[in-house]
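Down below is the structure, laid out as structure tokens.
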């Protein structure tokens, strides 16, 4: 499908950077509109987009969903410190956190804590339940530090 001249790992040109920026801002942009915006023919633009997808540079497309205003969820940013940082402890914690539906983001970190979580709860009482019944019972957890968001300033890459 791709020729030997197509190297997705080659340094990305200005057009490639523009294409990625536009796709981040609007993953649903039509190929014709994207091609026009970056000054390529539609066929060349589509081929280059497919190269980026095939190489794993573009891993997929997603929708940014606003939490319903009616529900007005409580968002907690939670720092987790483990008893140890061995592969076994990390793997056990990561397997457990994947089973917690209220955790919608989890990052392995450097610094003072081992993990940073984004937890979505109905309200502070619901977060207390999540903390008691799930987070504090996860394997290897020695410390949990939580902070609640006041409002979202930037979400995803929309408008970037």
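Residue numbers (the numbering used here): 158 to 317.
A virtual CB, placed ideally from N, CA and C, is assigned to each residue, including glycine.
For residue i, three-class secondary structure by DSSP
i           : result
residue 312 : coil
residue 212 : coil
residue 189 : helix
residue 220 : coil
residue 303 : strand
residue 236 : strand
residue 280 : coil
residue 261 : strand
Same chain, Cβ closer than 6 Å to residue i, neighbours up to 5 away in sequence not counted
i           : result
residue 302 : 236
residue 306 : 232
Same chain, Cβ closer than 8 Å to residue i, five either side skipped, listed in chain order
i           : result
residue 296 : 246, 249, 250 and 253
residue 346 : Nothing in the structure corresponds to residue 346, since the chain is present only between 158 and 317.
Cβ neighbour criterion (16 or more within 10 Å) applied to residue i
i           : result
residue 294 : exposed
residue 176 : buried
residue 311 : exposed
residue 174 : exposed
residue 292 : buried
residue 264 : exposed
residue 284 : buried
residue 304 : exposed
residue 212 : exposed
Neighbourhood of residue i by C-beta distance below 7 Å, restricted to the same chain and skipping five residues each side
i           : result
residue 238 : 270, 271, 299 and 300
### Message
With three or more C-beta pairs closer than 8 Å as the rule, is the segment 270–283 touching the segment 231–241?
### Response
yes
### Task
Answer yes if the segment 205–222 comes into contact with the segment 174–188, meaning at least three C-beta pairs across the two stretches below 8 Å, and no otherwise.
yes
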